[in-house]
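Here is the structure we will look at, set down as structure tokens.
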Amino acid sequence: MKGLNIRQTEYEAVIGLEVHAGLAVNTKMYCGCKTEFGAEPNTQCCPVCTGMPGALPVLNRKAVEYAIKAGLATNCSIIRYSRQDRKHYFYPDLPKGYQASQHNLPLCTGGFLEIEVNMSAKKVGIRGIHIEEDAGKLIHDESGKYSLVDYNRSGVPLIEIVTAPDLGSSEEVRAFILKLKTILEYTGVCDCKMQEGSLRVDINLSVRRRGESTFGNRTEIKNLNSVRAIVRAVEYEAKRQAEELEKGRSVRQETRRWDDARGVSYPMREKKGADDYRFFPDPDLCPIVIDDAWLNEIKSSLPELPDEKKKRFVLEYKLPAYDADFITGSKQLSDYFEEAAKRCRNHRAVCNWLMGDISKKLNESNIEVSDIPVSPENLAKLVELTDSGIISWKIAKQVFVVMWDTNRDPAEIIEEKGLRVINDTEEIRKVIIQVLEENPKAVEDIRNGKEKTIGFLIGQVMRKTGGKASPGIVNRLIFEELERLFHE
Amino acid sequence: MELTRLTVSETLKKIKGKEIGIAELVSAYLDQIENLNKTIGAYITVCREDCEKRAEDIQNKLDTGENLPLAGIPAALADNIVTRGVLTTCASKMLHNFIPPYDSTVSEKLRNSGAVLLGKLNMDEFSAGNSNENSYYGPVKNPWDFERVPGGSNGGAAAAVAANMACFAVGSDACGSLRQPASFCGVVGLKPTYGLVSRYGLIAFASSFEQIGPITRSVEDAAVVLNAIAGHDPKDSVSAKSRHPDYTVFLNNDIKGIRMGLPKEYIGTGIQADVRQRLFEALKVFESMGAVVEEVSFPMTEYAVSAYYILSSVEAASNLGRYDGIRYGYRAEHYPDAGDLYKKTRSEGFGFGVKRTIMLGTYFTGRDCYDSFYKKALKARRLVTEDFEKAFDKVDIIVCPTVPVTAFRAGEKADDPIGMHMSYVYTVAANIAGFCAISVPNGTDSKGLPTGLQLIGKPFDEGTLLKAAHAFEKNTRFDKPFDVIC
Amino acid sequence: MKNHEELKQLTNMAALSLSDIEAEKLFNDIRNISQYLAEKLSGLDTRNTEPMVHVSDITNVFRDDNESDPLKREELLSNAPETVNGCFAVPKIIEEI
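Chains R, D and F, in that order, are what the protein sequence lines are.
Counting from 858, one number per residue, gives the positions in the first sequence under this note's numbering.
Counting from 3, one number per residue, gives the positions in the second sequence under this note's numbering.
Counting from 8, one number per residue, gives the positions in the third sequence under this note's numbering.
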């Protein structure tokens, strides 16, 4: 979209998010059906989650505990007396004509998360976290005649995290989502597989002139499921609204959809009164009362959270703050790091592998940290082998490529391929003499003062030894041999 | 000997004493249904083949010494109680073809007790009504006078038991929907304390008010059936956790010293003179047995029906949201898109009374009405409940007529939704507060139509309630409908 | 209920469509009944009363996170008016309804 860039205008965006996170539990919110992703349609369903007449819900305790965990990890107060409400609307994927949710008395309220953008920290308020059930899924069939309904997802437990309108830019939104994602992964509350829809985001956005305290009309963009789409949608929508205002028009308060392929948002068709959800307490469900004992039990089950872990990594492993931040940004990555780090002495090297070659590989192959083919044990061995001079840094990189494809023990690979560093001075000296004989012009150049050419000769030596020659020895001997030659 | 005239207890005795066979018994009931159902319309579905086969199974079990508390007793369920494999319509076009792939807890319990399911009973569509004139399958007639309504919503259940078409029936009571028809048809109707009987598989109308209970020919039968259906169910979140006693133990005809409260607001205007007369005669019976009757006051009485009207509509509108023609039941034939599919299906599938309830319930929780109607009604609910709690500090049981009038003529009140609800003025409080209550026959009015006496008990004190009702029954002798009509 | 426009909105919210006769009747019914109820309840002082949401005082009823058997798909779909490829079928949905 051409036109003005909101950053350079007198407008600022005011953004709040509603994040729906699928809970990492085995069974649905109100029945014992499985929550597994990707099953055959309508094979994880029962009378309860398909809204058959007379069926009644019974709440999954673990879902409540996970919601509370998420609340504690985001600095929320836990409401000790909480209710479940019915939220009414009609859609074919919603089997009961209402969604069991929480309205007046959610489980968690009043929290915050700290994010860092451009080196400055910001607190983003969390208004509340409540539990609710997911809806089914609509599949569009090939003939184009039907929409098909699969209720496998119907009743899957979700939490909805509602932020205050504290975010001001796509960078802040991005930082918030990543931080939240990390925390949900750490606590085990959600697997955050966005491509499977286990983290979905609605964006509430308005713009106003900088410095104004009132809010403009806001739009809601629903159901975004990738960080990239969220960032793009925020940027597009802020710009669109600013342009509307710039043209002297007002922004329509409406719900919009994001078309990621075209990179635009567009208004959804809405019926009058459709946003009146007529919440009331679900008479089939009883209140949730959280006493001290239960709350303490949940508290004590919370793992170390990313901010604490980052501090510990700096202290314990002597990682630079930036590196510690990167590694602890993913629970799986930090777990991997610790697994490897406890098996070797050079922790910085482990960190470098993770931030360098491994991250690169992950990006290239689009796989999750949990699927890294190299085990932490083998990575630790590789670090040890490099550190003790058995292989060079360069060879280590070759070995790593083999490890990625086979997850074999690096020592084995080195032996098998004869990649061990050559420390034998006489062997190296022979190669050097041969190189000097083969490159009389280079030798001549050096004699005439072009010392840079030594690098070329060293390169030749390394090539002849397949990179295995100990660089220190090569360096020392090449000077010795040149001296000898010049003195002859 | 007329097999279909016997109570549950009498029938059990004869079955266990091998005086009668279950097949013979079931076939007697099937004959009775065959003869009368066309006229009375109590049944929507009759499970002829199923129950003949089942009679055989139970007889075999019995002959091999198995002990089943309701062995071979021919029973019927209201058609809002889900029965696996048996058509369950809720008396609505919306579910005209619904064959549930699962069972209600109550149906399961009755089967495990050895009862034989004769069929599914007519009722007001989705429980919305109190005269059983609002069924997709046609109205039910009162066995005492075919011109009159049997009451509702469980007119089918009361009529079937009164006309010997079932040994007992089980239905649900949201504001008097078992007790009022029991009163109109001269049989016993029990609404247990909220949470005593599982609602799993009860097609929901007013979830926070309704309880499943029996309609029987005697108080003892009510106790026997309650024994079979009561108890905690992990599938119903608001089901009570405590264990229930054997209710037959309470039936000892000893009510000396029991304190009974007569609500003075219930005997003022609007009550039929001979209904009031029967009430005072009943109080004399109680006093003659050593009970102490005193006056109590329920100043909130006039708000009870209004609060119920609002809250039940709200819950019903929500509960009826699932009928959309997608997963089960009726689907409209012509629908250009999914939105029309919904609207057409619901408009064609629901009767007018149900649509009115849905519209009202939707209206009461809308943005503009939430506080003035919905929330206000919730507060009224508390005030009505507090009236009763205060009374129960002084007395053990509340005694009053079940309905201020006897059965009215069909069509008489069809167009008067508010007036119709006034027939629930004495029964609704027990649902508002969740207390247990029973209606027992209390003679007839000047036209020879039955009237009921209602007793209301403390929560989970069905023991005392049944004891008092049983003592009253044993010390009175009223006509049974079969003496009149059959 | 102020006017027929409001009735229409309510009808939409309830996912119903009414014939003219039904609409007329319901408009009057809702009007009369709500007026009657409003008048009735206006006499009730509820300033010091908390709403009573439920008769039951039961709290904290949960299930453990254990799997139970689902319905067989044939059974789940057995009552459906129309199915395609193991799914419930509805006319193609373009957008929100």
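Ideal placement from N, C-alpha and C gives every residue a C-beta, glycine not left out.
Note that the structure is a prediction, hence the values are computed from the model and not measured.
Suppose contacts are defined by Cβ-Cβ distances below 8 Å. Is residue i in contact with residue j by that definition?
| i | j | result |
| --- | --- | --- |
| alanine 1268 of chain R | lysine 1298 of chain R | no |
| asparagine 134 of chain D | proline 145 of chain D | no |
| threonine 250 of chain D | valine 226 of chain D | yes |
| alanine 878 of chain R | isoleucine 1018 of chain R | yes |
| proline 1144 of chain R | threonine 66 of chain F | yes |
| glycine 1025 of chain R | glutamate 867 of chain R | no |
| glutamine 1098 of chain R | valine 1108 of chain R | yes |
| threonine 359 of chain D | glycine 327 of chain D | no |
| alanine 78 of chain D | alanine 164 of chain D | no |
| proline 910 of chain R | leucine 97 of chain D | yes |
| leucine 1152 of chain R | isoleucine 935 of chain R | yes |
| phenylalanine 207 of chain D | alanine 130 of chain D | yes |
| glycine 153 of chain D | methionine 125 of chain D | no |
| arginine 80 of chain F | asparagine 899 of chain R | yes |
| valine 88 of chain D | threonine 41 of chain D | no |
| proline 1230 of chain R | asparagine 1264 of chain R | yes |
| asparagine 1009 of chain R | glutamine 901 of chain R | yes |
| leucine 120 of chain D | tyrosine 31 of chain D | yes |
| proline 461 of chain D | serine 185 of chain D | no |
| lysine 193 of chain D | leucine 180 of chain D | yes |
| serine 299 of chain D | lysine 266 of chain D | yes |
| methionine 59 of chain F | threonine 387 of chain D | yes |
So, under 8 Å CB-CB, residue i and residue j are touching, yes? Tell me the CB distance rounded to an integer number of Å.
| i | j | result |
| --- | --- | --- |
| serine 1004 of chain R | threonine 907 of chain R | That pair is no contact at about 16 Å. |
| leucine 468 of chain D | leucine 253 of chain D | 6 Å |
| alanine 230 of chain D | serine 94 of chain D | With 8 Å as the limit, alanine 230 of chain D and serine 94 of chain D do not qualify as a contact, their Cβ atoms being about 28 Å apart. |
| leucine 1242 of chain R | valine 1300 of chain R | Going by Cβ atoms, the distance from leucine 1242 of chain R to valine 1300 of chain R rounds to 35 Å, so no, they are not a contact pair. |
| leucine 964 of chain R | histidine 987 of chain R | 6 Å |
| isoleucine 1271 of chain R | valine 1256 of chain R | 6 Å |
| isoleucine 217 of chain D | glycine 173 of chain D | 6 Å |
| lysine 381 of chain D | threonine 53 of chain F | 4 Å |
| leucine 970 of chain R | leucine 1041 of chain R | Wrong, their Cβ atoms sit about 11 Å apart, outside the cutoff. |
Say the cut is 7 Å; is the CB of residue i nearer than that to a heavy atom of the ligand HEM?
| i | result |
| --- | --- |
| glycine 1213 of chain R | Ligands are entirely absent from the displayed structure, and the ligand HEM is therefore not among its contents. |
Review point. Any residues in the segment 50-73 of chain F with a beta carbon nearer than 7 Å to a beta carbon of chain D? Which ones, in chain order?
Key: The residues in question are Leu51, Thr53, Thr56, Glu57, Pro58, Met59, Val60, His61, Val62, Ser63, Ile65 and Val68.
**Study point:** Chain-ordered residues of the segment 306-320 of chain D with a beta carbon less than 8 Å from chain R
**Key:** For the segment 306-320 of chain D, residues whose beta-carbon sits nearer than 8 Å to a beta-carbon of chain R comprise Val316, Glu317 and Ser320.
Exercise for review: Identify each residue in the segment 996-1028 of chain R for which the Cβ-Cβ distance to at least one residue of chain F is less than 8 Å, and report them in chain order.
Suggested key: Of all residues in the segment 996-1028 of chain R, only Ile996, His997, Asp998, Gly1001, Lys1002, Tyr1003, Ser1004, Leu1005, Val1006, Asp1007 and Tyr1008 come within less than 8 Å of chain F when Cβ atoms are compared, listed by chain position.
**Study point:** Stretch pair the segment 69-81 of chain D + the segment 14-27 of chain D: three plus CB contacts closer than 8 Å
**Key:** The segment 69-81 of chain D vs the segment 14-27 of chain D: in contact.
Review point. Quick one, which residues of the segment 225-250 of chain D are near chain R if we go by CB-CB under 8 Å, in chain order?
Key: Taking 8 Å as the Cβ-Cβ cut-off against chain R, the residues of the segment 225-250 of chain D that qualify are Pro236, Lys237, Asp238, Ser239 and Val240.
Practice item. Note down, in chain order, all residues in the segment 1131-1162 of chain R with a beta-carbon under 7 Å from any beta-carbon belonging to chain D. Key: Under the 7 Å Cβ criterion, the segment 1131-1162 of chain R contributes Asp1133, Arg1135, Phe1137, Pro1140, Asp1141, Leu1142 and Cys1143.
Exercise for review: Starting from the N-terminal side, write out each stretch of the alpha helix (DSSP H) that is 4 residues or longer and does not extend beyond the segment 299-349 of chain D.
Suggested key: With a minimum length of 4 residues, the continuous alpha helix (DSSP H) runs that stay inside the segment 299-349 of chain D are 303-321.
Check your understanding: Are the segment 314-322 of chain D and the segment 361-374 of chain D touching by the rule of at least three beta carbon pairs closer than 8 Å?
Key -> Yes, the segment 314-322 of chain D is in contact with the segment 361-374 of chain D.
Review point. Closer than 9 Å, Cβ to any Cβ of chain R: which residues of the segment 84-101 of chain D, in chain order?
Key: Shown in chain order are the members of the segment 84-101 of chain D whose Cβ falls below 9 Å from a Cβ of chain R: Val84, Thr90, Cys92, Leu97 and Phe100.
Check your understanding: In the segment 125-196 of chain D, which residue ranges form an unbroken beta strand (DSSP E) of at least 3 residues, counting only runs that do not cross its ends?
Key -> Secondary structure remark: continuous beta strand (DSSP E) runs of at least 3 residues inside the segment 125-196 of chain D, in chain order: 170-175 and 190-193.
**Study point:** Residues of the segment 1327-1341 of chain R with Cβ closer than 8 Å to any Cβ of chain F, in chain order
**Key:** Here the close residues number zero.
Review point. If contact means a Cβ-Cβ distance below 7 Å, which residues of the segment 15-31 of chain F contact chain R?
Key: Cβ contacts with chain R come from Gln16, Asn19, Met20 and Ala22.
Exercise for review: Only counting runs of 3 or more residues, tell me where the beta strand (DSSP E) segments fall wholly within the segment 11-90 of chain D, in order along the chain.
Suggested key: With a minimum length of 3 residues, the continuous beta strand (DSSP E) runs that stay inside the segment 11-90 of chain D are 45-48 and 76-80.
Check your understanding: Any chance the segment 271-279 of chain D sits against the segment 385-396 of chain D, with 3 or more Cβ pairs inside 8 Å?
Key -> Taking a cut-off of 8 Å for Cβ pairs, the segment 271-279 of chain D and the segment 385-396 of chain D do not touch, as fewer than three such pairs fall below it.
Review point. Hey, which unbroken runs of the alpha helix (DSSP H) at 4 residues or more fall wholly within the segment 1118-1178 of chain R?
Key: As for any alpha helix (DSSP H) of minimum length 4 sitting wholly inside the segment 1118-1178 of chain R, the runs are 1149-1157 and 1163-1174, ordered along the chain.
Check your understanding: Between the segment 990-1009 of chain R and the segment 1033-1052 of chain R, do at least 3 Cβ pairs fall closer than 8 Å?
Key -> The segment 990-1009 of chain R, when compared against the segment 1033-1052 of chain R, does not touch it at the 8 Å Cβ threshold.
Check your understanding: Quick one, which residues of the segment 897-917 of chain R are near chain F if we go by CB-CB under 8 Å, in chain order?
Key -> So the list reads Glu897, Pro898, Asn899, Thr900, Gln901, Cys902, Cys903, Pro904, Thr907, Val915, Leu916 and Asn917, given in the order they occur along the chain.
Check your understanding: Which residues, taken in chain order from the segment 872-892 of chain R, show a beta carbon closer than 9 Å to some beta carbon of chain F?
Key -> Within the segment 872-892 of chain R, the qualifying residues are Val882, Asn883, Thr884, Tyr887, Cys888, Gly889, Cys890 and Lys891.
Practice item. Could you list the residues in the segment 123-148 of chain D with a C-beta less than 8 Å from some C-beta on chain R, going in chain order? Key: Correct list: empty, as no residue qualifies.
Review point. Are three or more beta carbon pairs between the segment 462-476 of chain D and the segment 427-438 of chain D nearer than 8 Å?
Key: They touch, by the three-pair rule.
Review point. Of all the beta strand (DSSP E) runs that stay within the bounds of the segment 987-1032 of chain R, which reach a length of 3 or more residues?
Key: Segments of the beta strand (DSSP E) lying fully in the segment 987-1032 of chain R: 994-997, 1003-1007 and 1014-1020.
Check your understanding: Taking three-plus beta-carbon pairs below 8 Å as touching, is the segment 21-30 of chain D in contact with the segment 47-66 of chain D?
Key -> Note that the segment 21-30 of chain D touches the segment 47-66 of chain D; at least 3 beta-carbon pairs, one per stretch, sit closer than 8 Å.
Point to revise | Near-chain R residues of the segment 151-176 of chain D - C-beta to any C-beta below 8 Å | key: Those residues of the segment 151-176 of chain D that come within reach of chain R (Cβ to Cβ, closer than 8 Å) do not exist; the list is empty.
Review point. Name the residues in the segment 967-996 of chain R whose C-beta lies less than 8 Å from a C-beta of chain D; which are they?
Key: Listed by position, the residues of the segment 967-996 of chain R near chain D (Cβ gap below 8 Å) amount to none.
**Study point:** Contained alpha helix (DSSP H) runs [length at least 4] in the segment 356-433 of chain D, N- to C-terminal order
**Key:** DSSP runs (the alpha helix (DSSP H)) wholly in the segment 356-433 of chain D: 378-396 and 419-423.
Point to revise | Interface residues of the segment 925-946 of chain R facing chain D [CB-CB below 8 Å] | key: The segment 925-946 of chain R vs chain D, Cβ under 8 Å: Arg943 and His945.
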